[in-house]
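In this note's numbering, the protein residues as written are 64 to 360.
In this text, a Cβ means the ideal position worked out from N, Cα and C, and glycines have one as well.
A quick note: this is a predicted structure, and the numbers were derived from the prediction, not measured.
What follows is a set of notes on a single structure, which appears directly below.
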Amino acid sequence: MDQQHYMEQQLRNMGLSEEAIAMYKQQLAHPASRSDWPALYRDSVKQFNQLFSGDDADVTDGDEHPPVIYLNQHSRLDAAQQWAVACGADVAFVNRQYLNDLSTGAGKEQCREHLLEWWDIRDTATMQEKLGWLLESGHRIEYDIIWQAINAVSMKESKAFLREHIATNELEEAVVMERLRNTRDALDLFRKRKLISENLQPDMLIWDFARIINLSRLGYDAGYTSYEQSNEYILACVPLIKRTYSSWKQLSVSYQFARCVWNGVEMGSFDILRNNMEYLLSAPESPWVQLSFNPGR
């Protein structure tokens, strides 16, 4: 794969639309002055920072709907499989999907539209490609590099570190610097709200794995993956999730933090997701109440 096609694929993996990629290529071919770039790429940077937010795109209107936990009374999943699905509840609950079944409860065409619009997934091949990327690396590798930059003494040093390890051009630099600022803002907010301790580095794993779980379910409903294949993808997440987190609350807080890193700190969305977490941790019918995070202990 040549350099141009490699870069295009990287941009797609990061969530940029074909229209934004075309604009990016045009600007490379006819570069504007550096002072014009921020304005030219403002929409692209925003799109980068909202990558894959389609899984909970309606989170901002969540306060218009009373909290309802949707359960499929005819679910074929056993307790272990339901536990794995429940690890994606932060995403499924805000989208009003089943929390105890492989199926989301949505129709085939609706799921296909969702996958195409937010993930550029249109068939089995693109589904497998996206799931493979999330399993192997996803966003957690880039986050680890950003976290190292956070520990630099100055913003200038952070910027130099990110240039060396991630950013190869002005657009990528703008994107990762925005994520660096988002991470600092999120740290400040989550520490003030006592959701994380002062010395804790929130983990990014569930940001990738909740999407594997959600995508696998959408893929099954869309007809892109079989029942067995979707369950395999979801269950593949379980060992690492169990080694990384010790409670449903820790898992949920980590998901919320990661969302702030990628989408920015939006207080409306933050409050909705935090309230959702409290509801899922207390409602008697919730899988987080019904299923122990550490079964057998």
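Check whether residue i and residue j have beta carbons under 8 angstroms apart
i, j, result
"A249", "V154", "no"
"A147", "L162", "no"
"T288", "M190", "yes"
"I259", "C300", "no"
"V131", "N339", "no"
"L303", "Q144", "no"
Buried or exposed by the 16-neighbour rule on C-beta atoms within 10 Å, applied to residue i
i, result
"M240", "buried"
"D65", "Low confidence applies to D65: its pLDDT is 43, below 50, so where it sits in the model is not reliable, and the reading given next is rough at best. So D65 ends up on the exposed side."
"D141", "exposed"
"Q319", "buried"
"S200", "exposed"
"S349", "buried"
"S98", "Confidence is the limiting factor: at S98 the pLDDT is only 40, short of 50, which leaves the residue's position unreliable, though a coordinate-based value still follows. Answer is exposed; the Cβ neighbour count stays below 16."
"P94", "Residue confidence for P94 is low, a pLDDT of 39 falling below 50, so the modelled location carries little weight and cannot support an answer."
"N357", "exposed"
"E176", "exposed"
"D271", "buried"
"E205", "buried"
"S355", "exposed"
"S345", "exposed"
"W351", "buried"
Closest by C-alpha distance to residue i, when choosing among the options
i, options, result
"Q160", "L134, L258 and E176", "L134"
"R337", "W351, V316 and V324", "V316"
"W325", "L303, S355 and L243", "L243"
"S293", "S349, L278, F333 and K305", "L278"
"L178", "A143, D334, R280 and W351", "R280"
"P265", "L298, R322 and P302", "R322"
"S138", "S355, T187, Y290 and I208", "Y290"
"D207", "W181, S345, D186 and T246", "T246"
"L198", "G331, E172 and E295", "E295"
"L27", "F333, G170 and P347", "Residue 27 lies beyond the range of the chain shown here (64 to 360); nothing can be said about it."
"R256", "M330, D186, K305 and R185", "M330"
Nearest-angstrom beta carbon gap, residue j and residue i [assumed within contact, 8 angstroms]
i, j, result
"L268", "R203", "6 angstroms"
"A273", "C150", "7 angstroms"
Residue i CB to nearest heavy atom of the ligand COA below 7 angstroms
i, result
"H137", "In the structure shown, the ligand COA is absent, as is every other ligand, since no ligand is present at all."
Beta carbon proximity, residue i to chain B, threshold 8 angstroms
i, result
"E348", "No chain B appears in this structure, which consists of one protein chain only."
Can we say the segment 194-207 touches the segment 305-314, given the rule of at least three CB pairs closer than 8 angstroms?
no
Under 8 angstroms, with one C-beta from each stretch per pair, do the segment 162-173 and the segment 277-288 reach the 3-pair mark?
yes
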